[in-house]
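Here is the structure we will look at.
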Amino acid sequence: MKVISDTAHGILDYLTVAIFALAPSILGLTGFAALVSYALAAIHLVMTLFTNMPLGVFKIIPMRLHALVEMLVGPVLVVAVLVLPTILGDKREFFLVMGLVILAVWLLSSYGRPVAAQST
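Take a look at the structure:
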């Protein structure tokens, strides 16, 4: 069931950018893990700003492409933590949780389709 509207998805995207950008300072990510976190913040910010959705600014990237990127990023983060546990350092749980959150948001987002009606 798709319960996250495009507007709510945009809010979650900007929140995700903030989390990735602040994680190195707040969680003490260093080295490669910090680089990955900053890179994911930058990529997610660009994708969100350029996506054709209510909170997108430039509206160039179709929502379907935005969805595809999120569909790939979530599982890649999860697999990276499980397959290469030492590469992300001792804070790898952060990337595991973020990968699962991105995957959950992908599964629950409407991506341009109507949001499922709530029954009362």
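Numbering (the UniProt record's numbering), first residue to last: 1 to 120.
Virtual Cβ for every residue (Gly too), placed ideally from N, Cα, C.
As the structure is a computational prediction, the values presented were derived from the model and not from experiment.
Classify I37 as helix, strand or coil using the three-state DSSP reduction. As a working mapping, residue 37 is identified with position 37 in the sequence shown. Correcting the residue type first, residue 37 is Ser in the shown sequence and not Ile. Three-state result, S37: helix.
For I26, tell me which candidate among K91, M63 and V76 has the shortest Cα-Cα distance. The residue you call residue 26 lines up with position 26 of the sequence shown. Checking every option, the nearest Cα to that of I26 belongs to K91.
So, helix, strand or coil for I87, using DSSP? Counting from one through the sequence shown, the residue named residue 87 turns up at place 87. If DSSP states are grouped into helix, strand and coil, I87 belongs with coil.
Min CB distance L100 to chain C below 7 angstroms: This model lacks chain C altogether; it includes just one protein chain.
Looking only at its own chain, which residues have a Cβ that is under 8 angstroms from the Cβ of L107, when we skip the five neighbours before and after it? Here residue 107 corresponds to residue number 107 of the sequence shown, with the count starting at 1. There are no such residues.
Count the other CB atoms, across all protein chains shown, that sit within 10 Å of the CB of E70; report buried if there are 16 or more and exposed otherwise. Counting from 1 along the sequence shown, the entry for residue 70 is found at position 70. So E70 counts as buried.
Option in K2, V101 and A21 with minimal Cα separation from V76: Looking up residue 76 in the sequence shown gives position 76. For V76, the nearest C-alpha among the options comes from V101.
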